[in-house]
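J.:
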Amino acid sequence: MALTREQLAQRVAQELQDGYYVNLGIGIPTLVANYIPEGMEVMLQSENGLLGMGQFPTEAEIDADLINAGKQTVTMAKGASIFDSAESFAMIRGGHVDLTVLGAFEVDVNGNIASYMIPGKLIKGMGGAMDLVAGADNIIVTMTHASKHGVSKLLSNCTLPLTGKGCIKRVLTDLAFIEIKNGKFYLLERAPGVSVAEIISLTEGELVVEGDVPEMQL
Amino acid sequence: MAGFDKVVSSYEEAMAGLEDDMTVIAGGFGLCGIPENLIREIQRKGTKGLTVVSNNCGVDDFGLGILLPDRQIKKIIASYVGENAEFERQMMNGELEVELTPQGTLAEKMRAGGAGIPAFFTATGYGTPVAEGKEAREFDGRHYILEPAIKGDFALVKAWKADRYGNLVFRKTARNFNPMAATAGKITVVEVEEIVEPGELDPDHIHTPGIYVNRLILGTFEKRIEQRTVRCDSE
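In structure tokens, the structure reads:
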């Protein structure tokens, strides 16, 4: 079975470590915050200028001056700090964020990522995504492995305009956890009940399968 | 106004001197911390042909979006513009020029513009459409592109509190682009929720020193919320 959005978030959460500063993109990455292991301290960075993002506010706590990068009302966690946008991207570009999780339309074997524009269709802008992929060393891309029509999103060459070049090393899809190195995809784990053959058939770029590929533990 | 007193008494006075075809930098992220009344004054004046530099372009009836129906904006430099139907229509029809700029690069362009740095190298956007036509250079094995700074004829800023000398304090994430915008205007206009006497703000707690501020006005704010998200309080 392909992973649900919640299961994708659960699997990403296993990559968290105590004391990590983490930037979570909009969509599935945001859900990762729900699966931070008990007893682990993780500080969430929101690139509009908040380190230490808390949960959503109650009606009584809502504050128009306190939002996250998705423009949602939020609260501040204990130990939070507030800063301007230049400072925020100094943290990001300067490589101070320990883990970045974001979505994508396409990823390819050279670590290129396309996530912000579909020419003629969707031109909303890249927001902070280009800075995030350029600045972070430790990035996990979460995405569906293929389109509804079975068209692979893990390619030998991205077809859409790039968000970043050669910056992605790990991709978690609804079918597989994949590492990118030496111009190839490497299959690390498969979703429970998903066969290696199915993953191969839905991966357009070169995929290396070494030995028995373990199922993800969720 | 005398000495360092920056306070003006009307929005008309605050925006005096804004002319057609000027460049206007505006603080704010989404609808958070936007200079909403200064934008309304531009709508009222009817200034046209503006180049606007702002992370976003408001929504159809609030923020910078209100300058779209009368085609007051010629060009916008922004990182994300997805919240606005009229914007999309004008962009698709080629009526509005859009320069999509990565958020961190945009912030740094303003910061550099205000700090006397004409351009800077960043890895952001290398190998993407953003890099087209820009100089690329390698430092220590990594690729970077040269991004020019931005300055504005006007910079519009929303702060929380100020003293009459224009020393500013921002509140929570309404700070965002405002401190950089404040530095990058030939004329920087700030609207605030409260003005106090000089000496009342702790100098250690001032986010933007008054040297960057030319005009200061006391306003009242709607502070619209774009994505109202709440949790059920089960405790």
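Sequence order for the protein chains is A and B.
In the working numbering, each residue carries its 1-based index in the first sequence increased by 234.
In the working numbering, each residue carries its 1-based index in the second sequence increased by 11.
We put the CB at the ideal spot given by N, CA and C, even for glycine.
For Phe15(B), tell me which candidate among Ala25(B), Pro209(B), Pro214(B) and Thr240(B) has the shortest Cα-Cα distance.
T.: Indexing the second sequence from 1 puts residue 15(B) at position 4. Nearest C-alpha to Phe15(B): Pro209(B).
J.: If you count every other CB in all the chains shown that lies within 10 Å of the CB of Cys243(B), and 16 or more means buried, which is it?
T.: What you label residue 243(B) is simply residue 232 of the second sequence in a count that begins at 1. Exposed.
J.: Pairs of beta-carbons, one from the segment 143-163 of chain B and one from the segment 425-443 of chain A, closer than 8 Å: are there three or more?
T.: No, they do not touch.
J.: Between the Cα of Gly328(A) and those of Gln279(A), Lys358(A), Asn344(A) and Ala368(A), spot the shortest distance and give me the residue it belongs to.
T.: Position 94 of the first sequence holds residue 328(A). With distances taken between Cα atoms, Gly328(A) lies closest to Ala368(A).
J.: Taking only beta-carbon atoms, is Pro395(A) less than 8 Å away from chain B?
T.: For the purposes of this step, residue 395(A) is taken as residue 161 along the first sequence, with counting starting at 1. Output row for Pro395(A): interface = yes.
J.: What residues in its chain sit with their C-beta under 6 Å from that of Ile217(B), if we drop five residues either side in the sequence?
T.: Position 206 of the second sequence, counting from 1, holds the residue named residue 217(B). Cβ neighbours of Ile217(B) beyond the five flanking positions: Asn178.
J.: What residues in the segment 334-346 of chain A have a beta carbon less than 8 Å from any beta carbon of chain B?
T.: The segment 334-346 of chain A vs chain B, Cβ under 8 Å: Asn346.
J.: What residues in its chain sit with their C-beta under 6 Å from that of Ala25(B), if we drop five residues either side in the sequence?
T.: For the purposes of this step, residue 25(B) is taken as the residue at position 14 of the second sequence. Here the set comprises Val19, Val200, Arg226 and Ile228.
J.: According to DSSP, simplified to helix, strand and coil, what is Ser90(B)?
T.: To locate residue 90(B), count along the second sequence from 1; it is residue 79. The answer is coil: DSSP assigns Ser90(B) none of H, G, I, E or B.
J.: Excluding the five sequence neighbours on either side, which residues of its own chain have a C-beta within less than 8 Å of the C-beta of Leu265(A), listed in chain order?
T.: Mapped onto the first sequence, residue 265(A) falls at position 31. Same-chain partners within the cutoff: Arg239, Glu240, Leu242 and Ala243.
J.: State buried or exposed for Arg100(B), treating a residue as buried only when at least 16 other CB atoms are found within 10 Å of its CB.
T.: Residue mapping note: residue 100(B) aligns to position 89 of the second sequence, counting from 1. That one is exposed.
J.: If you follow the alpha helix (DSSP H) that Leu242(A) is part of, which residue opens it and which one closes it?
T.: Counting from 1 along the first sequence, the entry for residue 242(A) is found at position 8. Counting along the chain, the alpha helix (DSSP H) containing Leu242(A) begins and ends at Arg239 to Ala247.
J.: Beta-carbon of Lys234(B) versus every beta-carbon of chain A: anything under 8 Å?
T.: On the second sequence, residue 234(B) is found 223 positions in, with the first residue counted as 1. Lys234(B) counts as touching chain A.
J.: Applying the 10 Å Cβ sphere with the 16-neighbour rule, what's the burial state of Leu389(A)?
T.: Indexing the first sequence from 1 puts residue 389(A) at position 155. Answer is buried; the Cβ neighbour count reaches 16.
J.: Less than 8 Å between CB atoms is the rule here; does Thr240(B) satisfy it with respect to chain A?
T.: Here residue 240(B) is taken as the residue at index 229 of the second sequence, counted from 1. Yes, Thr240(B) lies at the interface with chain A (some Cβ there is under 8 Å from its Cβ).
J.: Less than 6 Å between C-beta atoms, sequence neighbours within five positions excluded: which residues of the same chain meet that for Glu246(B)?
T.: For the purposes of this step, residue 246(B) is identified with residue 235 of the second sequence, where counting begins at 1. For Glu246(B), the predicted structure reports a pLDDT of 46, less than 50, and the residue's modelled location is therefore unreliable. The matter cannot be settled from this model.
J.: Which residue wins for smallest C-alpha separation from Ser429(A), given the options Val276(A), Gly304(A), Val447(A) and Val385(A)?
T.: Taking the first sequence and counting its residues from 1, the one referred to as residue 429(A) is at position 195. That would be Val447(A), whose Cα lies nearest to the Cα of Ser429(A).
J.: When you compare each of Asn189(B), Gly230(B), Glu119(B) and Arg55(B) to Phe40(B) by their alpha carbons, which one comes out closest?
T.: Here the question's residue 40(B) lines up with position 29 in the second sequence. Of Asn189(B), Gly230(B), Glu119(B) and Arg55(B), the residue nearest in Cα terms is Asn189(B).
J.: Under the rule that 16 or more other beta-carbon atoms within 10 Å means buried, what is Thr112(B), buried or exposed?
T.: Position 101 of the second sequence, counting from 1, holds the residue named residue 112(B). With 16 or more other Cβ atoms within 10 Å, it is buried.
J.: Across which residues does DSSP place Ala303(A) in a beta bridge pair?
T.: As a first step, residue 303(A) must be located in the first sequence, where it is residue number 69. Looking at the DSSP assignment, Ala303(A) forms no beta bridge with any residue, so it has no partner.
J.: According to the neighbour-count rule (16 or more other Cβ atoms, all chains shown, within 10 Å of its Cβ), is Lys312(A) buried or exposed?
T.: As a first step, residue 312(A) must be located in the first sequence, where it is residue number 78. That one is exposed.
J.: How about Glu237(B): is its C-beta nearer than 8 Å to some C-beta of chain A?
T.: In the second sequence, residue 237(B) corresponds to position 226, counting from 1. Taking Cβ atoms only, chain A reaches closer than 8 Å to Glu237(B), which makes this a yes.
J.: At a CB-CB cut-off below 7 Å, which residues of chain A make contact with Val141(B)?
T.: Taking the second sequence and counting its residues from 1, the one referred to as residue 141(B) is at position 130. Met364, listed in chain order.
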